[in-house]
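Sequential numbering from 3 applies to the sequence shown in the working numbering. Glycine is no exception: its CB is placed at the ideal position from the N, C-alpha and C atoms. Below is one structure, written out as structure tokens; the observations come after it.
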Amino acid sequence: MKTSKKQGVLFRDLGQIEYQDAWDLQEKLLQENVAVKTAIRNRLSAVGELATPNSELIIGNEEVIPSTNHYLLFVEHPPVYTLGKSGDIEHVLISEEERAAKGISFYHTNRGGDITFHGWEQLVGYPILDLERFYTDIGKYLRNLEEVIIATMADYGLKGERSPGETGVWLDAAIPGRERKICAMGIRCSRWVTMHGFAFNVNTDLSYFNYIIPCGIQNKQVTSLEKELGRKLDMNEVKERVKANFEKVFEVELVG
Numbered sequence: 003m004k005t006s007k008k009q010g011v012l013f014r015d016l017g018q019i020e021y022q023d024a025w026d027l028q029e030k031l032l033q034e035n036v037a038v039k040t041a042i043r044n045r046l047s048a049v050g051e052l053a054t055p056n057s058e059l060i061i062g063n064e065e066v067i068p069s070t071n072h073y074l075l076f077v078e079h080p081p082v083y084t085l086g087k088s089g090d091i092e093h094v095l096i097s098e099e100e101r102a103a104k105g106i107s108f109y110h111t112n113r114g115g116d117i118t119f120h121g122w123e124q125l126v127g128y129p130i131l132d133l134e135r136f137y138t139d140i141g142k143y144l145r146n147l148e149e150v151i152i153a154t155m156a157d158y159g160l161k162g163e164r165s166p167g168e169t170g171v172w173l174d175a176a177i178p179g180r181e182r183k184i185c186a187m188g189i190r191c192s193r194w195v196t197m198h199g200f201a202f203n204v205n206t207d208l209s210y211f212n213y214i215i216p217c218g219i220q221n222k223q224v225t226s227l228e229k230e231l232g233r234k235l236d237m238n239e240v241k242e243r244v245k246a247n248f249e250k251v252f253e254v255e256l257v258g
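Encoded structure:
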């Protein structure tokens, strides 16, 4: 029985990196993919053919323009607050001077969502995927990202849940007063190429969330694997579990 080959996703663990540097890299990779897709469509249009999601432009036996590349980047950022396109600056509860004194950076970003925090020992994942080679459904993409984290939490005996009308992963999502968010998500998608992604609290210092209204959601808590399990986690072990679950959920093979 013939089985289809899994798509390859180039994996890079960039370690500790400034937010702006990671943002610039994502933009570069996204724009490279958009340029490839545009070139394929233009050339195929010129010869009267339709582009398909998996098109590679080939003339004779010579590949002229390759297909797009998929990436998964893992990073840790120094303390930083990021505000999404639909975010409200009023959800930042400390002044610029106080923030600077605490060594916390701040960025207005081009992702969806509101205010969130990134910091040490939080696993941030940035998938740069050409969704036309998977499915053209942003909602399904976000649910799959959530499923990666839910599956990883299950590996540690925790029940991750979705909260209706919200993105991200929670514990006790249906119990008023006990809802705890463990993973925030926000993405950008251009020509069906994604960037930004998820922020999974592993051993994260949760005190930084006291100075914002996380994701613009009032009266709900944030948590981490460390807080829920009562022990520090090995970041490399968590990364390996997230990688394995990413491969399963998206039915891909991580390369590199």
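Contact between residue 258 and residue 13 holds: CB atoms are separated by about 5 Å, below the 8 Å threshold.
Using a 10 angstroms sphere on the CB of residue 72, the tally of other CB atoms reaches 16 or more, which defines it as buried. In this structure, the straight-line span from the alpha carbon of residue 111 to that of residue 153 is close to 28 Å. The DSSP-derived three-state label of residue 81 is coil.
In the structure shown, the three-state DSSP call for residue 128 is strand.
Taking all protein chains shown into account, residue 109 has fewer than 16 neighbouring C-beta atoms within 10 Å of its C-beta and is therefore exposed. Counting only the Cα atoms, residue 232 lies some 34 Å from residue 190. In terms of CA proximity to residue 79, 203 leads the group 203, 179, 217, 90. Cβ contact annotation for residue 113 (same chain, cutoff 8 Å, sequence separation greater than five): 84, 86, 87, 188, 189, 190, 197, 198, in chain order. In the DSSP annotation of this structure, the continuous segment of the alpha helix (DSSP H) that includes residue 147 starts and ends at 140 to 157. Apart from the 5 residues on each side of it in sequence, residue 165 sits with its Cβ closer than 6 Å to the Cβ of 172, 175 in its chain, given in chain order. One thing to note: residue 130 has its Cβ within 8 Å of the Cβ of residue 32. Scanning the segment 171 to 256 from its first residue to its last, the whole alpha helix (DSSP H) runs of 4-plus residues come out as 227 to 231, 237 to 252. Nearest Cα to residue 195 within the set 89, 161, 74: 74.
One Cα belongs to residue 124, the other to residue 241, and the distance between them is close to 11 Å.
Annotation: residue 135 is outside any alpha helix (DSSP H) and is labelled neither H nor E by DSSP. Residue 14: member of the beta strand (DSSP E) spanning 9 to 18, first to last residue.
Cβ atoms of residue 223 and residue 168 stay farther apart than 8 Å, at about 14 Å. The C-alpha of residue 136 is placed about 12 Å away from the C-alpha of residue 10. Under the DSSP assignment, residue 101 falls in the alpha helix (DSSP H) whose first and last residues are 98 to 103.
In the DSSP assignment, residue 120 falls within the unbroken beta strand (DSSP E) covering 117 to 120.
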